[in-house]
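The sequence shown: position 33 = 33 (UniProt numbering), numbered continuously.
A short write-up of the structure that comes next.
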Amino acid sequence: MSETNHFFSSYFPKKKKKIHLFQIIPKMPENSHSIKLRYIKLGYQYLVNNFLTFLLVPIMATILIQFLQSNPNELIKFYNSLSFTSIHLVCSLFLVTYVTTCYIMSRPRTIYLVDYACFLPPITNRIPFASFMEHAHLILSTEPKSVRFQMKILERSGLSEETALPPPMHYIPPTPTMDLAREEAELVIFSAMDSLLAKTGLKPKDIDVLVVNCSLFSPTPSLSAMVINKYKLRSNIKSFNLSGMGCSAGVISIDLARDILQQYPNSNAVVISTEILTPNGYLGKERSMLLTNCLFRMGGAAILLSNKKSDRGRSKYRLLHIVRTLKGGDDKSFRCVQQQEDPEGKVGINLCIDLMQVAGEALKSNITTIGPLVLPASEQLLFLLTLICRKLFKSNMKPYIPDFKLAFEHFCIHAGGRAVIDELQNNLQLSTEHVEASRMTLYRFGNTSSSSLWYEMSYIEAKGRMKKGDRIWQIAFGSGFKCNSAVWKCNKTIKLPVDDHNPWADCIDRYPVDIPDVVRL
Numbered sequence: 001m002s003e004t005n006h007f008f009s010s011y012f013p014k015k016k017k018k019i020h021l022f023q024i025i026p027k028m029p030e031n032s033h034s035i036k037l038r039y040i041k042l043g044y045q046y047l048v049n050n051f052l053t054f055l056l057v058p059i060m061a062t063i064l065i066q067f068l069q070s071n072p073n074e075l076i077k078f079y080n081s082l083s084f085t086s087i088h089l090v091c092s093l094f095l096v097t098y099v100t101t102c103y104i105m106s107r108p109r110t111i112y113l114v115d116y117a118c119f120l121p122p123i124t125n126r127i128p129f130a131s132f133m134e135h136a137h138l139i140l141s142t143e144p145k146s147v148r149f150q151m152k153i154l155e156r157s158g159l160s161e162e163t164a165l166p167p168p169m170h171y172i173p174p175t176p177t178m179d180l181a182r183e184e185a186e187l188v189i190f191s192a193m194d195s196l197l198a199k200t201g202l203k204p205k206d207i208d209v210l211v212v213n214c215s216l217f218s219p220t221p222s223l224s225a226m227v228i229n230k231y232k233l234r235s236n237i238k239s240f241n242l243s244g245m246g247c248s249a250g251v252i253s254i255d256l257a258r259d260i261l262q263q264y265p266n267s268n269a270v271v272i273s274t275e276i277l278t279p280n281g282y283l284g285k286e287r288s289m290l291l292t293n294c295l296f297r298m299g300g301a302a303i304l305l306s307n308k309k310s311d312r313g314r315s316k317y318r319l320l321h322i323v324r325t326l327k328g329g330d331d332k333s334f335r336c337v338q339q340q341e342d343p344e345g346k347v348g349i350n351l352c353i354d355l356m357q358v359a360g361e362a363l364k365s366n367i368t369t370i371g372p373l374v375l376p377a378s379e380q381l382l383f384l385l386t387l388i389c390r391k392l393f394k395s396n397m398k399p400y401i402p403d404f405k406l407a408f409e410h411f412c413i414h415a416g417g418r419a420v421i422d423e424l425q426n427n428l429q430l431s432t433e434h435v436e437a438s439r440m441t442l443y444r445f446g447n448t449s450s451s452s453l454w455y456e457m458s459y460i461e462a463k464g465r466m467k468k469g470d471r472i473w474q475i476a477f478g479s480g481f482k483c484n485s486a487v488w489k490c491n492k493t494i495k496l497p498v499d500d501h502n503p504w505a506d507c508i509d510r511y512p513v514d515i516p517d518v519v520r521l
């Protein structure tokens, strides 16, 4: 009982004490001091980030002044002293051509995200709180404590009454058959795929690579084979089906598609990310396994990637970095999210009480790797100096947390739950607007597993916030335990209104909404 309470309190933070507005108004001296510090920090950042410019400009200016002050006869004499011959010129030209060719050939191909589409669940699949709790009462009629536990989770989950579950989970009792699971997969995947083809004008025969990821439902033939059969794709298509890789599998699929596109020029790849819920509802009474019933909902996304230069003009984004962190070598990390049977033989996903701690360690490792790739020199220097002081001088100085807001304009944090978003907001010192897309996605669609990142990108676009040159950080967590990051750069400003295929198109004017800490049921 104590372990369950500990897990419950760690996954959903307690309600914060409300503070009156006049209690948080700072005094003038403190405000003035903070403004001075802010300007000092801005000046430091400008100086360090433009250090090479400040260094080279005086040198180039000095050379230019010397050149202008020189006598023309002296310049002619200097040129003649070089005594270039035709052999020297040919060799120099060959060397420059050789180096340029090697550089161009060794450069990785640019990967463009042409467009993507998200699945919008039918309104008939909506699962209001009352319906969810009615089902819980009927299915667990002899377990009132488990029913009350689900009610508490749902009250604090941050989900709305507009999330959706597949039809078999609306039945009493649920009927998780193989045929119904395939029907759900066809509905989600084909709907997202149809939207993608309509948005991009892509013909199925032109698809060179297909990657499908679904963690818990892996039938034979595979889901990728199902897509190939539906759209009559080419027989030589390079297809892959990923399973068992958790909610971060979407970034893994992008990474796999990128690696393949690096080997094959003038190609494109379609990535499909989803989770099929029909065969994975938990019908037992173990509290650590009931949590997934309250959070996971229907969702899916289809993404078109390309390395064709002709697609550069119409592409929305360009892939900059992918960083993957896997903590599977540690037993605690490996077992913190695990599919297993309960004592009564009922299968479900067990979330251990160490989940948030394991996620924090994985995030720390991921940030350590991605930081040098994206952070400006000013932040890297501060981090290095702090690390030196802590290690060499045994200082009690707190570790410096880099300001990732200087590296990214938008953050897409996996909508795994309210506690996940809260922890990352606090640790990365993000504003309410930075995590708005994640909170609203969790509220409107629930935890859609690996596809949640694309619902968040769609939200930012629908709000008209995505501008040319903006950088986006996608952060996802998954079983194993994994923390994966993808960094994108916007190629063009996304204009409003968004197209009808955007899942937020019919409701974006209502968002953001205020999400209470507790919704009393």
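Every residue, glycine too, gets a C-beta built ideally from N, C-alpha and C.
Alpha carbons only, please: which of the options is nearest the one belonging to residue i?
i: T325; options: R287, A486, I515 and V57; result: A486
i: A225; options: R318, F190, L424 and L290; result: F190
i: V435; options: K468, L242, I475 and R510; result: I475
i: P372; options: Q338, I421, H321 and H410; result: H321
i: Y443; options: I172, A415 and K398; result: A415
i: M178; options: I276, T368, L64 and W454; result: I276
i: G313; options: N71, Y112 and F67; result: Y112
i: I367; options: N484, G300 and D311; result: N484
i: K398; options: I421, L384 and D506; result: L384
i: D422; options: L382, A359, W488 and M245; result: A359
i: K285; options: T278, V188, P144 and K309; result: P144
i: W504; options: Y455, E186, C294 and T97; result: Y455
i: N426; options: G446, V374 and F404; result: F404
i: F129; options: L295, K332 and K495; result: L295
i: D330; options: D354, Y511, N73 and T62; result: D354
Let me check one thing: in DSSP terms, what residues is residue i bridge-paired to?
i: E361; result: DSSP, once it has assigned bridges, lists no residue as partnering E361.
i: Y317; result: L113 and C490
i: N447; result: F296
i: F411; result: W473
i: S485; result: V323 and I475
Secondary structure at residue i, three-state DSSP: helix, strand or coil?
i: C336; result: coil
i: H135; result: helix
i: I24; result: Only weak support is given to the placement of I24: the predicted model assigns it a pLDDT of 30, under 50, and the question is left unresolved by the model.
i: Q474; result: strand
i: E275; result: coil
i: A185; result: helix
i: E341; result: strand
i: R312; result: coil
i: T142; result: coil
i: N213; result: strand
i: K346; result: coil
i: C102; result: helix
i: S306; result: strand
i: T124; result: helix
i: S239; result: strand
i: M457; result: helix
i: C352; result: coil
i: L326; result: strand
i: D509; result: helix
i: H501; result: coil
i: F7; result: Residue placement at F7 cannot be trusted, given a pLDDT of 44 that sits under 50; what the coordinates show is reported in the next sentence. Three-state DSSP puts F7 in a helix.
i: S157; result: coil
i: residue 528; result: The question about residue 528 has no answer here: the residues shown for the chain are numbered 1 through 521.
Taking 8 Å as the cut-off, decide whether the C-beta atoms of residue i and residue j are in contact.
i: R109; j: Q340; result: no
i: V337; j: L351; result: yes
i: G348; j: G480; result: no
i: E409; j: D470; result: yes
i: L430; j: R297; result: no
i: L304; j: V270; result: yes
i: S253; j: V211; result: yes
i: L256; j: F240; result: yes
i: C412; j: I472; result: yes
i: S273; j: S243; result: no
i: G250; j: M169; result: no
i: S450; j: T441; result: no
i: E155; j: R520; result: yes
i: S160; j: K482; result: no
i: P402; j: L375; result: yes
i: S315; j: N491; result: yes
If you measure from the beta carbon of residue i to each beta carbon in chain D, is any gap under 8 Å?
i: V435; result: Absence of chain D from the displayed structure is noted, only one protein chain being present.
Below 8 Å on the Cβ atoms is my guess for residue i versus residue j; work out the distance and round it to an integer in Å.
i: P174; j: L290; result: About 14 Å; that fails the 8 Å criterion.
i: D208; j: Y264; result: 7 Å
i: K204; j: Y171; result: It should be pointed out that residue 204 corresponds to Pro in this sequence rather than to Lys. P204 to Y171, Cβ: 34 Å. No contact.
i: R287; j: S146; result: 7 Å
i: L180; j: T100; result: Going by Cβ atoms, the distance from L180 to T100 rounds to 59 Å, so no, they are not a contact pair.
i: R418; j: S131; result: At roughly 21 Å, the Cβ-Cβ gap does not stay under 8 Å, so R418 and S131 are not in contact.
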